[in-house]
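Undergrad: Pasting in a structure now, in structure tokens, and then I'll have a few things to ask.
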Amino acid sequence: MEFLQPRSLAEAIATKAERPDAVPIAGGTDIMVEINFDARRPEALLDLNRVAELASWQHSDGLVRLGAGVTYARVIAELGGLLPGLAMAARTVGSPQIRNRGTVGGNLGAASPAGDCHPVLLAAGATVEAASARGTRLIPAAEFFTGPKRSVLAPDELITAVLIPAAPGPQQFAKIGTRNAMVIAVCAFALELRPPKGGGAGTGDSGGSPPWAKTVGTGIGSAGPTPLRAIQAEEFLAGALAEAGLWDTADRLPDQIAQRFAELAAAAARPIDDVRGTAAYRRRALSVLARRTLAWAWDTYRTGDGAPECG
Amino acid sequence: MRVTMTVNGEPATADDVWEGESLLFVLRERLALPGSKNACEQGECGSCTVLLDDVPVCACLVAAGQATGREVVTVEGLAAPPGGDRQGLHPVQQAFIDAGAVQCGFCTPGLIVQAYDLLRRTAGVPADPDIREALAGNLCRCTGYEKILDAVRLAAARMSAARISAARMSAARMAGGAA
């Protein structure tokens, strides 16, 4: 095995072009487990810890560019205002030791259907930035995953960043597991509400509402071969809120709307029976998570509590 | 390959390190520091917790090469070095003994490093949920955790008392100097 240790992004990209078989390692929380257990013997490891460009984030024009090497601990400490949903998901990852090492880029690279960041990135309409010697491309998170632990990433590509709209409104994330730490999700659900105006860092100050106003984002984790959006649930909820004028009145949410949203969210899942839970349990739990996260997010919308801060 | 780093304040070099080897293996098998324990090798149990550039991590999940040029502190590095100003065990270590938080002892080094990290960031005694959250990645199969929580509270109380007393002494010295 070789240990390749580029010192810059340019060097990392050039190295990956020469050695597409080199397995990137950042926090090591996935790849080192496989190596420790003799499950994998890559020809080379490509250590990304020394690539400073990957370890920073920037915010401009309502978009956060999150470097692939930013750890969960930093997402929690630094991005709770701009990306509350991602910070919530990061808080549920592993343990403090794992969150100090694990990165959002690594979560994407592993492409596990159970990755905790994925539902949030789907709900937020995030974009994955991948770079190779051939150039840089942007991949919508919803098109990134192709199967369990598989993605559209080419062998010579590195994930360099994730572009995430700063929360335009309330975001929520909930995950089912056997305890509050060190669990791989049995299932998870993320929700984003995009109100018509004001409140969000991504809204801008133009007179009209942005095109995404009065829409809803969702993400389902660990209940399908890939992370999934519940598109019918999104469209139903956005439509029902608009029809009842609730985006404007911010009135109490009728139970029937929450109920139907939950049913559609669960229906979008494609779960299987496995060691962590049955398909039937996952579907049932997802409907509960969808209803809960909607109640929490709507409550935030009504009261303005926990509205995202402008960063 | 050769891996050079700083361990517990001293330069350390390990030769013939396999590229897929973990920092934990290097510490235990090549640098004769068996304090950090090897249990799950998958980041679940926290027995191998060390500070890497001052941040607690599972040493089993750090590739040895990733530690090159970095500073590592293990449980062995928390006790006072021989001949220094400070004497004996670190207050967190002493509290684990005094509170009966050590049974088989296997998880203890990881818990001590993790508790040390919590207490140096906390003024006074941390709330129970904060202690539980900080130690959520450290498994103990003997104690049922109650004595471990006792030990962390005891260490916190002693450390904050020591800080107050040091501050008083320093204030008294300054007042004396001014007189």
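Chains as they are written, first to last, in the numbering used here: chain A, 14 to 324; chain B, 540 to 718. A virtual CB, placed ideally from N, CA and C, is assigned to each residue, including glycine.
#1: How long is the line joining the alpha carbons of valine 83 of chain A and glycine 616 of chain B, rounded to whole angstroms?
#2: Locate the beta strand (DSSP E) running through tryptophan 70 of chain A, then write down its first and last residues.
#3: Comparing alpha-carbon positions, which option in A:Ala203, A:Gly94, A:Asp74 and A:Asn62 lies nearest leucine 80 of chain A?
#4: Scan the segment 287–319 of chain A and note each continuous alpha helix (DSSP H) run of 4 residues or more that stays entirely inside, going in chain order.
#5: Take every Cβ of the segment 186–193 of chain A, pair it with every Cβ of the segment 151–162 of chain A, and state whether three or more of those distances are shorter than 8 angstroms.
#6: I want to know whether the segment 140–152 of chain A touches the segment 103–117 of chain A - three or more CB-CB distances under 8 angstroms.
#7: By Cβ distance below 7 angstroms, which residues in the same chain neighbour isoleucine 651 of chain B in space, the five residues on each side in sequence not counted?
#8: How many Å lie between glycine 627 of chain B and arginine 697 of chain B at the Cα?
#9: If you measure from the beta carbon of glutamine 45 of chain A to each beta carbon in chain B, is any gap under 7 angstroms?
#10: For the segment 592–609 of chain B, enumerate the residues whose C-beta is nearer than 7 angstroms to any C-beta of chain A, in chain order.
#11: Do you know offhand how far glutamate 549 of chain B's Cα is from alanine 606 of chain B's?
#12: Is it buried or exposed for valine 288 of chain A, if we count other Cβ within 10 angstroms and need 16 for buried?
#13: Should phenylalanine 157 of chain A be counted as a contact of the ligand HEM given a C-beta to heavy atom distance under 6 angstroms?
#14: Suppose the cutoff is 6 angstroms on Cβ atoms and the five residues either side in sequence are ignored; what does the same chain contact list for isoleucine 197 of chain A look like?
#15: Kindly list, in the order they appear in chain A, the residues whose Cβ is closer than 9 angstroms to that of threonine 543 of chain B.
#16: Can you give the Cα-Cα distance for valine 664 of chain B and arginine 692 of chain B, rounded to whole angstroms?
#17: Would you please state the rounded distance, in angstroms, between the beta carbons of alanine 136 of chain A and glycine 232 of chain A? I believe it to be under 8 angstroms.
#18: Using the Cβ count rule (16 or more neighbours within 10 Å means buried), how would you classify proline 178 of chain A?
#19: Taking buried to mean at least 16 other C-beta atoms within 10 Å of its own C-beta, is phenylalanine 157 of chain A buried or exposed?
#20: Going by the beta-carbon positions, is the gap between leucine 688 of chain B and isoleucine 670 of chain B smaller than 7 angstroms?
#21: Compute the beta-carbon to beta-carbon distance between glycine 604 of chain B and glutamate 558 of chain B, rounded to the nearest angstrom, for a pair I have assumed lies under 8 angstroms.
#22: Between the C-alpha atoms of isoleucine 89 of chain A and cysteine 130 of chain A, what's the straight-line distance to the nearest angstrom?
#23: Aspartate 51 of chain A and glutamine 18 of chain A - do their beta-carbons sit closer together than 7 angstroms?
#24: Once you ignore the five residues that flank serine 219 of chain A on each side, which residues in its own chain have a CB closer than 6 angstroms to its CB?
#25: Using the beta-carbon of each residue, which ones in chain A are nearer than 8 angstroms to glutamate 493 of chain B?
#26: Is the beta carbon of threonine 552 of chain B closer than 7 angstroms to that of glycine 649 of chain B?
#27: Tell me, to the nearest whole angstrom, how far the beta carbon of leucine 600 of chain B is from that of methionine 45 of chain A; I am working on the premise that it is less than 8 angstroms.
#28: Buried or exposed, going by whether 16 or more other CB atoms sit within 10 Å of the CB of glycine 715 of chain B?
#29: I'd like to know whether the C-beta of glutamate 568 of chain B is nearer than 7 angstroms to at least one C-beta of chain C.
#30: Excluding the 5 residues preceding and the 5 following phenylalanine 645 of chain B in the sequence, name in chain order all residues of the same chain whose CB lies nearer than 8 angstroms to its CB.
#31: Could you check whether the segment 86–102 of chain A touches the segment 146–153 of chain A, counting it as contact only if at least three pairs of C-beta atoms, one from each stretch, sit closer than 8 angstroms?
#32: Between which two residues does the alpha helix (DSSP H) harbouring arginine 87 of chain A extend?
#33: Have a look at the DSSP bridge pairing and note the partners of proline 178 of chain A.
#34: Provide the residue(s) that pair with phenylalanine 186 of chain A in DSSP beta bridges, ordered along the chain.
#35: Please state the DSSP three-state secondary structure of phenylalanine 158 of chain A.
#36: Go to threonine 607 of chain B, then tell me how far its alpha helix (DSSP H) extends in each direction, as first and last residue.
TA: Walking through what the data contain:
#1: Against the first sequence, residue 83 of chain A aligns to sequence position 70. Against the second sequence, residue 616 of chain B aligns to sequence position 77. Whole-angstrom Cα-Cα distance: 28 angstroms.
#2: Your numbering for residue 70 of chain A matches position 57 in the first sequence. Here the beta strand (DSSP E) through tryptophan 70 of chain A covers 70–73.
#3: Residue 80 of chain A sits at position 67 when you count from the first residue of the first sequence. The sequence given here has glycine at residue 80 of chain A, not leucine. Measuring from the Cα of glycine 80 of chain A, the nearest candidate turns out to be A:Asn62.
#4: 292–316
#5: no
#6: no
#7: For the purposes of this step, residue 651 of chain B is taken as residue 112 along the second sequence, with counting starting at 1. Within the same chain, isoleucine 651 of chain B has close Cβ partners Val614, Leu617, Val631, Gln632 and Phe635.
#8: The count along the second sequence starts at 1 and reaches residue 627 of chain B at position 88. The count along the second sequence starts at 1 and reaches residue 697 of chain B at position 158. One C-alpha to the other measures close to 15 angstroms.
#9: Here the question's residue 45 of chain A lines up with position 32 in the first sequence. Position check: residue 45 of chain A holds methionine in this sequence, whereas glutamine was assumed. So, interface residue.
#10: Val594, Pro595, Val596, Cys597, Cys599, Leu600, Val601, Ala602, Gly604 and Gln605
#11: Here residue 549 of chain B refers to the residue found at position 10 of the second sequence. Here residue 606 of chain B refers to the residue found at position 67 of the second sequence. Computed Cα separation, rounded: 14 angstroms.
#12: Along the first sequence, read from residue 1 onward, the residue named residue 288 of chain A stands at position 275. Under this definition valine 288 of chain A is an exposed residue.
#13: Looking at this structure, you won't find the ligand HEM or any other ligand, since it has none at all.
#14: Numbered from its first residue, the first sequence carries residue 197 of chain A at position 184. Within the same chain, isoleucine 197 of chain A has close Cβ partners Ala127.
#15: Sequence index remark: in the second sequence, residue 543 of chain B carries index 4 (1-based). By Cβ distance, chain A contributes nothing, its closest Cβ being about 13 angstroms from threonine 543 of chain B, past 9 angstroms.
#16: Here residue 664 of chain B refers to the residue found at position 125 of the second sequence. Here residue 692 of chain B refers to the residue found at position 153 of the second sequence. Between valine 664 of chain B and arginine 692 of chain B, the C-alpha separation is close to 6 angstroms.
#17: For this step, residue 136 of chain A is matched to residue 123 along the first sequence. For this step, residue 232 of chain A is matched to residue 219 along the first sequence. At roughly 4 angstroms, the Cβ-Cβ gap stays under 8 angstroms, so alanine 136 of chain A and glycine 232 of chain A are in contact.
#18: As a first step, residue 178 of chain A must be located in the first sequence, where it is residue number 165. Per the 10 Å Cβ criterion, buried.
#19: Counted from its first residue, the first sequence places residue 157 of chain A at position 144. Phenylalanine 157 of chain A should be labelled buried.
#20: Position 149 of the second sequence, counting from 1, holds the residue named residue 688 of chain B. Position 131 of the second sequence, counting from 1, holds the residue named residue 670 of chain B. For leucine 688 of chain B and isoleucine 670 of chain B, yes; Cβs fall inside 7 angstroms.
#21: On the second sequence, position 65 is the one that residue 604 of chain B refers to. On the second sequence, position 19 is the one that residue 558 of chain B refers to. With 8 angstroms as the limit, glycine 604 of chain B and glutamate 558 of chain B qualify as a contact, their Cβ atoms being about 7 angstroms apart.
#22: The residue given as residue 89 of chain A occupies position 76 in the first sequence. The residue given as residue 130 of chain A occupies position 117 in the first sequence. Approximately 12 angstroms, taken between the alpha carbons.
#23: Here residue 18 of chain A corresponds to residue number 5 of the first sequence, with the count starting at 1. Here residue 51 of chain A corresponds to residue number 38 of the first sequence, with the count starting at 1. Against a cut-off of 7 angstroms, the Cβ pair of aspartate 51 of chain A and glutamine 18 of chain A comes out as no contact.
#24: Here residue 219 of chain A refers to the residue found at position 206 when the first sequence is read from its first residue. Bear in mind that a pLDDT of 49 at serine 219 of chain A, under 50, signals an unreliable position, so the number given afterwards is only what the model happens to contain. Contacts found: none.
#25: Because chain B spans 540 through 718 in this model, residue 493 of chain B falls outside it and cannot be assessed.
#26: Counting from one through the second sequence, the residue named residue 649 of chain B turns up at place 110. Counting from one through the second sequence, the residue named residue 552 of chain B turns up at place 13. Contact: no.
#27: Working through the second sequence from its first residue, we reach residue 600 of chain B at position 61. Working through the first sequence from its first residue, we reach residue 45 of chain A at position 32. So it is a contact: roughly 4 angstroms between Cβ atoms.
#28: For the purposes of this step, residue 715 of chain B is taken as the residue at position 176 of the second sequence. With fewer than 16 Cβ atoms within 10 Å of its Cβ, glycine 715 of chain B is classed as exposed.
#29: No chain C appears in this structure, whose protein chains are A and B.
#30: On the second sequence, position 106 is the one that residue 645 of chain B refers to. Here the set comprises Lys576, Ala578 and Ser586.
#31: no
#32: Locating residue 87 of chain A in the first sequence gives position 74, counting from the first residue. Taken as a continuous stretch (DSSP letters only), the alpha helix (DSSP H) holding arginine 87 of chain A covers 85–91.
#33: Counting from 1 along the first sequence, the entry for residue 178 of chain A is found at position 165. Proline 178 of chain A pairs with A:Leu76.
#34: Here residue 186 of chain A corresponds to residue number 173 of the first sequence, with the count starting at 1. Note: phenylalanine 186 of chain A sits in a beta bridge opposite A:Ala203.
#35: Position 145 of the first sequence holds residue 158 of chain A. Three-state result, phenylalanine 158 of chain A: strand.
#36: Here residue 607 of chain B refers to the residue found at position 68 when the second sequence is read from its first residue. First-last for threonine 607 of chain B: undefined, no H or E at that position.
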